[in-house]
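Protein chains: 2
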Amino acid sequence: MHPLNDLTPAEINAARGLVQSLHGSETLIFKAITLDEPRKQEMVAYLVAEMNGQRAVAPPRLAYCVYYLKSSDTLMTTWINLTTHAIARSEPADPTFHGNVDFDEVQQVEDMVMQDPTVLAEIAKLQLPDHLTVVAEAWGFGSDGGIDDRHRQYQVYMFVSETNNLDSNHYARPLNFSPVVDPVRMVVTRIEMLPTGVDDARAEGVTPYKDLGPNEYIPEAQTLREDLKPLTVAQPEGASFTIDGDNVLRWQKWHFRIGFNYREGIVLRDVRYDNQPLFYRMSLSEMTVPYADPRSPYFRKQAFDLGDVGAGLVANDLRLGCDCLGAIAYLDGWISDRKGRPLKKDNAVCIHEQDNGIGWKHTNYRTGRACVVRNRELVIQSILTVSNYEYILAFKFNQAGQIDYEVRATGILSTCAIDENQTVPFGTIVHPGVLATHHQHILSLRLDPALGSYTSGNQLAYTETTPIPHDAAHGNPHGNGYVSGTTTVPVSGGLDLNTERGRIFSIQNPSIRNPVNGLPASYKIHSPPLQKMLAAPDSIHFRRAEFADHEIYVTKYNEDELFSGGKFTNQSQGGTGIKTWVARQDRVEDEDIVVWVQFGINHVPRIEDFPVMPVEILTVSLKPVNFFTRNPAIDVPPSTQERNCSVRVEVGKEVSGGAHGAAACCERKSLL
Amino acid sequence: MHPLNDLTPAEINAARGLVQSLHGSETLIFKAITLDEPRKQEMVAYLVAEMNGQRAVAPPRLAYCVYYLKSSDTLMTTWINLTTHAIARSEPADPTFHGNVDFDEVQQVEDMVMQDPTVLAEIAKLQLPDHLTVVAEAWGFGSDGGIDDRHRQYQVYMFVSETNNLDSNHYARPLNFSPVVDPVRMVVTRIEMLPTGVDDARAEGVTPYKDLGPNEYIPEAQTLREDLKPLTVAQPEGASFTIDGDNVLRWQKWHFRIGFNYREGIVLRDVRYDNQPLFYRMSLSEMTVPYADPRSPYFRKQAFDLGDVGAGLVANDLRLGCDCLGAIAYLDGWISDRKGRPLKKDNAVCIHEQDNGIGWKHTNYRTGRACVVRNRELVIQSILTVSNYEYILAFKFNQAGQIDYEVRATGILSTCAIDENQTVPFGTIVHPGVLATHHQHILSLRLDPALGSYTSGNQLAYTETTPIPHDAAHGNPHGNGYVSGTTTVPVSGGLDLNTERGRIFSIQNPSIRNPVNGLPASYKIHSPPLQKMLAAPDSIHFRRAEFADHEIYVTKYNEDELFSGGKFTNQSQGGTGIKTWVARQDRVEDEDIVVWVQFGINHVPRIEDFPVMPVEILTVSLKPVNFFTRNPAIDVPPSTQERNCSVRVEVGKEVSGGAHGAAACCERKSLL
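For the record, the sequence lines run as chains A and B.
The numbering of the first sequence is full-length UniProt numbering, which starts it at 1 and goes up by one.
The numbering of the second sequence is full-length UniProt numbering, which starts it at 1 and goes up by one.
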């Protein structure tokens, strides 16, 4: 068993058994049983030995377990040594910490709400016609800064749907009342009327429902386009990648291990190119989604989609032919259910190659010879459904040594009821009576680099380009001159992009110099500029989203610092994440460092984002800078008609299907 | 003949004949014969009638001709009325204006240089071995602000190549001397020694060549990868688009006319979605590439790739299977040669569809039902080779009403010789003895909108998101609230992005309100932040690049204002472009406006960009905002295995080709 492999079902069972043995006959409600990764120092020794073909001593296998004691609602954290089959450590979590939402509990809450007499009394007041019914949707309660958020709660939003079709888009029919639920006692503690105007004012009570009509996304509710002809990807010799039994992927000089856990979803480890280490570990660390609505209870709406729920927990079952084209591999993931049993997430990760246009080209105008290669990419993808919303998360590798982390935001806007003819400056009307509130998505990508070596230090630097003063004395008599300069970040902290100075962050290994130009082996980080957290710096929302105020953070590596928003984010109060770690003011030059990249969007909804949103794409790119000695994609085979099998479309007349396109296989007559 | 069609060969011939008739037996050197577009007012009347199925009066066909009188090197501009077969207007250009570089002349210059005795004397001093030879490469002279740039010149850079292979990468072997050429007399006027250290100091003379070795990009010089398996795109029913004899393209509710000219390359006109006008005209207006090197003569290096040369002039002949996958249509372009004859640019534009991953997805966690569509795109592409460098320029349309303008920068860095072991802060050593200088690429995209109507006004606006003050008095007691606000730009001028305020520019039609939410019909502009021109504001380089200091410009529409850097950029002095137009301080609210989007990269070369650069991708996106009433892609047919024909790759063992991939055609057994 490789030390970096995910927990197996047998290991999950073993861990659960040992945990239960600690607590006798107490009913336990598990939130997670997951791999507790080996200490980095031991693991690096193992990887180095492994790369050198030496006998490596495997660190022990450990499991980390989070669960409630049902009788007391005490949140426990227990570490199991699976190698020695022993309990390594067990302790209750801080009483202000809450476990993540899980979908078993969400469904229990929703079912209970729909049977609660006080809720049913409100529903009755709606006087719904037979073809309409009510749907409950449980949200995390959020935090209000300690007023009402010490115990775990759900805020349940209510919607109307079609009685005979639960795939009707209920987000187009929000209601104006909201039960609050205590999930420990599993009771409705109160029903809140929701504001539907510009301020906190709200109706006295529920009134008969006025149906302003549906807005469906399901295909049978549409008149579908009929003029889109098939486009498929053919890989007649199969995929160019291999995945072994330990989920080690090899493709085009790349090598890495694919892990999967309930919280981060995909985790890549031991990422190498041409057998040179680049990253020890890469994963999405956290995402916060604060909403702009200042009214109560909406002011509490701030999701932490990884910490509050879990990217692995809500990963879609990806089906062949739905989410990718071509030759696709699927990996299942193993998480645990509420009873601590192994739960298989079918097809949680998909892997495929794709063509991304031209990779490089040059035409020699003297000889007319064009050299061109295509840009083949490898995609490691997972798709999350967090209630209404979807995130398509992918690591993408190319043949030029580049790694992209791509986020596609899609799914359905979180909506609430608004009075007819009312507008508010913190949201957009997307359907009659339906408000979609502005919100930010701020993601935090964790990069644990090992550029060129596992055993030497790395550092964060930034390069800026600035004008030379415009005078002859500075050697710039004509005023065109400008220079680049690179600064190493000495101490842990948060940093920001600066377009005016052309600031580009990079991770460097100062011990490895480029043999041609002497510059340090580096990877630069291209990330889109982030509008930082708009919540006030003295607000609870800002305090919770510890990472959301800088585009880049750098910390010195420390065990157990994986989650920049803190380990427990559900109804969190802040103070347990990256702000604490940078406050140590560690030296981070030529050290074992971790780099955190924050990026996102401020989503001011447009009506075109409803009833389901076209993907909004965000990409963070990591590109080699003086790491290699030339374009790493220089050895990609040329793009030719023999390889590409393209088909010419006739122009100048209305093209009819089939006339020109019958040759789906390769025309062997090359035009080159 | 549709008034917006490009000039036909017959029209080019007719125009040349009329021009020649003006000048008797004088030898003319033509720079361009191109369509002079109809005045907009007439053209709009025509388009509106056409859309309404009414009889439309066609404006006259006009040609615009630029040429030199060879005996005097006087640059002439003449307009021909092709409808009446008459000369409409003829006048010499301002004597400080110069025509564009053309590749006939470049090759004449290069051939002449290689036969010039003074140049040959320098080459002899290199004492090259037989297997090496010298290659000359002519560059525009640039401007020095009036010192030495009043007459037209070429700066010729010299390189070493392999004698028996002119596709050897000579940019890896730059020489340290440079002939300056007068192209009118076609003579070398001087030979400049080039600086090879940190400042203007330069060698006394040419010395025997020290070969520091090749750095080739051609495939036969590489050990090519052998593990990349074929990936092709199959469109068994052909393409989903049609192109008629007037180059009107129809695809997925889109409609537009594809034009092509020597200067801008692709021009799209009358762009509509679902028969609603969106843009009257879209094109790349200009690009400037100023270099950071302050030394002489490099300080003059500042290309205007459209104005100095021409995007259509240097468009690649795109070959089936080389530059795209799938079912591809090619359009030829017609330009003129130096004698004013029609010159066909074969396959100058290619058109194809591509798959860009998921378009939208939602999974209902209650029912487990996933709805997902793919994101089909239509690409209208042209590839330019400007000496060493390539630009892949594409308009991309999707099914959600979005238009992207994508630029892929590739090709070979412009290099110069540098002393061994020397470094400079304004460039990167990419090969022994080879410096690639920092440079900016600043592009200017011209958008002539007609959002929703040709006859009502448009305006530029920007939306910002800002926090509500954190107090109860402002209705934001918890500090999370923020609001969006939109400002209309009242007067022509330049504006900038502002990430901190989340500033998003949009084009609006204030006369058309969204029927659901009452907001103006708009398209927003997503463009990457631009590091503005780094040359000093009082430099000649800055003055020439009139558009390079703001991410957005807005002007009131005026005839003959197409080129934001001025009509004649070769050795230009500034003062004829967008700065002049915005100085009119026109009102631009609810008017006929033009919006100019500036974007680009500051290219600090990395060694991985040599010997040929992996594509650097820049995208400007135009997205509907409250223009439609819902997601325009809601009616895209679902993504299913029946349509997508994907193939499952086995995991957990080394995958061998063919084992799993033989089924290149569709597995009919859907797993859904």
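From the three backbone atoms N, C-alpha and C, an ideal C-beta is built for every residue, glycine too.
All values derive from a computational prediction rather than experimental measurement.
(message) Taking its Cβ as the centre, do 16 or more other Cβ atoms sit within 10 Å of A/K125, making it buried, or is it exposed?
(response) For the purposes of this step, residue 125 of chain A is taken as residue 125 along the first sequence, with counting starting at 1. Residue environment analysis places A/K125 among the exposed positions, since fewer than 16 neighbouring C-beta atoms fall within 10 angstroms of its C-beta.
(request) Count the C-beta pairs between the stretch 433-453 of chain B and the stretch 223-240 of chain B that are closer than 8 Å, then say yes if the count reaches three, no if not. (result) Flag = no, the stretch 433-453 of chain B and the stretch 223-240 of chain B do not touch.
(message) So if DSSP puts B/H441 in a beta bridge, which residue, or which two residues, is it bridged to?
(response) Locating residue 441 of chain B in the second sequence gives position 441, counting from the first residue. B/H441 pairs with B/I601.
(request) Could you run through the stretch 213-233 of chain B and flag, in chain order, every residue whose CB is less than 7 Å away from some CB of chain A? (result) If the cut-off is 7 Å between Cβ atoms, the stretch 213-233 of chain B has N215, Y217, I218, P219, Q222, T223, L224, R225, D227, L228, K229, P230, L231, T232, V233 near chain A.
(message) Taking only three categories from DSSP, how would you classify B/P3?
(response) Taking the first residue of the second sequence as 1, we reach residue 3 of chain B at position 3. In the three-state reduction of the DSSP assignment, B/P3 falls in the coil class, being assigned neither a helical nor a strand state.
(request) Specify, as a first and last residue, the run of the beta strand (DSSP E) that A/Q155 falls within. (result) Residue numbering aside, residue 155 of chain A sits at position 155 when the first sequence is read from its first letter. Looking at the DSSP string, the run of the beta strand (DSSP E) that includes A/Q155 is 154-162.
(message) So, at 6 Å on beta carbons, what are the nonlocal neighbours of A/N261 in its own chain, with the 5 sequence-adjacent residues on each side left out?
(response) In the first sequence, residue 261 of chain A corresponds to position 261, counting from 1. Excluding residues within five positions, the ones whose Cβ falls inside 6 Å are T34, G312.
(message) Please classify B/R369 as buried or exposed, where buried requires at least 16 other C-beta atoms within 10 Å of its C-beta.
(response) Reading the second sequence from its first residue, position 369 is the one you call residue 369 of chain B. Counting Cβ neighbours within 10 Å, B/R369 comes out exposed, since fewer than 16 surround it.
(message) Can you tell me whether B/G142 is helix, strand or coil according to DSSP?
(response) Start at 1 with the first residue of the second sequence, and residue 142 of chain B comes out as number 142. The three-state secondary structure of B/G142, taken from DSSP, is coil.
(request) Specify the secondary structure class of A/R39 as computed by DSSP and reduced to three states. (result) Taking the first sequence and counting its residues from 1, the one referred to as residue 39 of chain A is at position 39. Taken through DSSP and simplified to helix, strand or coil, A/R39 comes out as coil.
(message) Could you check whether the Cβ of B/P632 sits closer than 8 Å to any Cβ belonging to chain A?
(response) Looking up residue 632 of chain B in the second sequence gives position 632. Answer yes: the Cβ-Cβ gap between B/P632 and chain A drops below 8 Å somewhere.
(message) Under 8 Å, Cβ to Cβ, is there at least one residue of chain A near B/W360?
(response) Residue 360 of chain B sits at position 360 when you count from the first residue of the second sequence. True, the Cβ-Cβ gap to chain A drops below 8 Å.
(message) Checking 8 Å against the spacing of the C-beta atoms, do A/T163 and A/N176 come in under that value?
(response) Looking up residue 163 of chain A in the first sequence gives position 163. Looking up residue 176 of chain A in the first sequence gives position 176. Against a cut-off of 8 Å, the Cβ pair of A/N176 and A/T163 comes out as no contact.
(message) Closest to B/V309 by C-alpha separation, out of B/N356, B/F568, B/I191, B/V636, would be which residue?
(response) The count along the second sequence starts at 1 and reaches residue 309 of chain B at position 309. Of all alpha-carbon atoms in B/N356, B/F568, B/I191, B/V636, the one lying nearest the alpha-carbon of B/V309 is that of B/F568.
(request) Name, please, each residue of chain B whose Cβ falls closer than 8 Å to the Cβ of A/T463. (result) Taking the first sequence and counting its residues from 1, the one referred to as residue 463 of chain A is at position 463. Result: V604.
(message) Quick check on B/H431: buried or exposed, where buried means 16 or more other Cβ atoms within 10 Å of its Cβ?
(response) Along the second sequence, one-based indexing puts residue 431 of chain B at 431. Classification of B/H431: buried, given that the 10 Å Cβ count is 16 or more.
(message) Three or more C-beta pairs under 8 Å: does that hold for the stretch 370-388 of chain B against the stretch 344-359 of chain B?
(response) Three or more Cβ pairs closer than 8 Å define a contact, and the stretch 370-388 of chain B meets that threshold against the stretch 344-359 of chain B.
(request) Please list the segments of the alpha helix (DSSP H) lying wholly inside the stretch 539-576 of chain A, counting only runs of 4 or more residues, in order along the chain. (result) Unbroken alpha helix (DSSP H) runs of no fewer than 4 residues, entirely contained in the stretch 539-576 of chain A, are found at 540-544, following chain order.
(request) Could you list the residues in the stretch 85-102 of chain B with a C-beta less than 9 Å from some C-beta on chain A, going in chain order? (result) The residues in question: there are none.
(message) Quick check on DSSP: helix, strand or coil for A/Q580?
(response) Within the first sequence, numbered from 1, the residue matching residue 580 of chain A stands at position 580. Per the sequence presented here, residue 580 of chain A reads as Thr, with Gln not at that position. Residue state, collapsed to three classes: helix.
(message) Contact criterion: CB-CB distance below 8 Å. Does A/V620 meet it with respect to chain B?
(response) The sequence position of residue 620 of chain A within the first sequence is 620, counting from 1. No, no contact with chain B.
(request) Using a Cβ-Cβ cut-off of less than 8 Å, list which residues of the stretch 318-350 of chain A approach chain B; keep chain order. (result) Correct list: R319, L320, G321, C322, D323, C324, L325, G326, A327, I328, A329, Y330, L331.
(request) Starting from the beta carbon of A/V66, find every residue of chain B whose beta carbon is closer than 9 Å, and list them in chain order. (result) Indexing the first sequence from 1 puts residue 66 of chain A at position 66. Within chain B, no residue comes near A/V66; the closest Cβ sits about 22 Å away, beyond 9 Å.
(message) Within 10 Å of its beta-carbon, does B/I335 have 16 or more other beta-carbons around it, so buried, or fewer, so exposed?
(response) Counting from one through the second sequence, the residue named residue 335 of chain B turns up at place 335. Answer is buried; the Cβ neighbour count reaches 16.
(request) Give the secondary structure of B/V19 by DSSP, where H, G and I count as helix, E and B as strand, and everything else as coil. (result) For the purposes of this step, residue 19 of chain B is identified with residue 19 of the second sequence, where counting begins at 1. Helix, per DSSP.
(request) Pull out every residue of the stretch 473-491 of chain A whose Cβ sits closer than 8 Å to any Cβ of chain B, in chain order. (result) Within the stretch 473-491 of chain A, those residues whose Cβ lies closer than 8 Å to any Cβ of chain B are, in chain order, G475, N476, P477, H478, G479, N480, G481, Y482, V483, S484, G485.
(message) Can you tell me whether B/K125 is helix, strand or coil according to DSSP?
(response) On the second sequence, residue 125 of chain B is found 125 positions in, with the first residue counted as 1. Helix, per DSSP.
(message) Can you confirm whether A/S572, when its beta carbon is compared against all beta carbons of chain B, has any partner nearer than 8 Å?
(response) Here residue 572 of chain A refers to the residue found at position 572 when the first sequence is read from its first residue. Contact of A/S572 with chain B is not assigned, every C-beta pair being separated by 8 Å or more.
(message) Distance check for B/T580 and residue 674 of chain A, CA to CA, integer angstroms please.
(response) The requested residue 674 of chain A does not occur in the structure, where chain A is confined to residues 1 to 672.
(message) Let's test the definition: count the other Cβ atoms within 10 Å of the Cβ of A/I147 and tell me whether it reaches 16, buried, or not, exposed.
(response) As a first step, residue 147 of chain A must be located in the first sequence, where it is residue number 147. By the beta-carbon neighbour count (other beta carbons within 10 angstroms, threshold 16), A/I147 is exposed.
(message) Suppose you measure from the CA of B/G658 to the CA of B/A400; what does that come to, to the nearest Å?
(response) One-based indexing of the second sequence puts residue 658 of chain B at position 658. One-based indexing of the second sequence puts residue 400 of chain B at position 400. Interpretation of B/G658 is limited by its pLDDT of 39, a score under 50 that renders its predicted location unreliable; no figure is taken from the coordinates.
(request) Please confirm whether A/I418 and A/I429 have their CB atoms less than 8 Å apart. (result) As a first step, residue 418 of chain A is located in the first sequence; it is residue number 418 there, counting from the start. As a first step, residue 429 of chain A is located in the first sequence; it is residue number 429 there, counting from the start. The Cβ-Cβ distance between A/I418 and A/I429 falls below 8 Å.
(request) Excluding the 5 residues preceding and the 5 following B/M158 in the sequence, name in chain order all residues of the same chain whose CB lies nearer than 7 Å to its CB. (result) Residue numbering aside, residue 158 of chain B sits at position 158 when the second sequence is read from its first letter. If we look at B/M158 and ignore the five residues flanking it on each side, its Cβ neighbours are V134, A136, L175, F177, S178.
(message) Residues in the same chain with beta-carbon distance under 6 Å from A/T8, minus the five sequence neighbours each way, listed in chain order, please.
(response) As a first step, residue 8 of chain A is located in the first sequence; it is residue number 8 there, counting from the start. The beta carbon of A/T8 sits closer than 6 Å to no other beta carbon from its chain once the five residues preceding and following it are set aside.
(request) Pick out whichever of A/E377, A/D448, A/R152 has its Cα sitting closest to the Cα of A/R185. (result) Reading the first sequence from its first residue, position 185 is the one you call residue 185 of chain A. Ranking A/E377, A/D448, A/R152 by CA distance to the CA of A/R185 puts A/R152 first.
(request) Would you mind telling me which residues of chain B sit closer than 9 Å to A/D167, beta carbon to beta carbon, in chain order? (result) In the first sequence, counting from the first residue as 1, residue 167 of chain A sits at position 167. Those are N364, R366, T367, R369, C371, listed as they occur along chain B.
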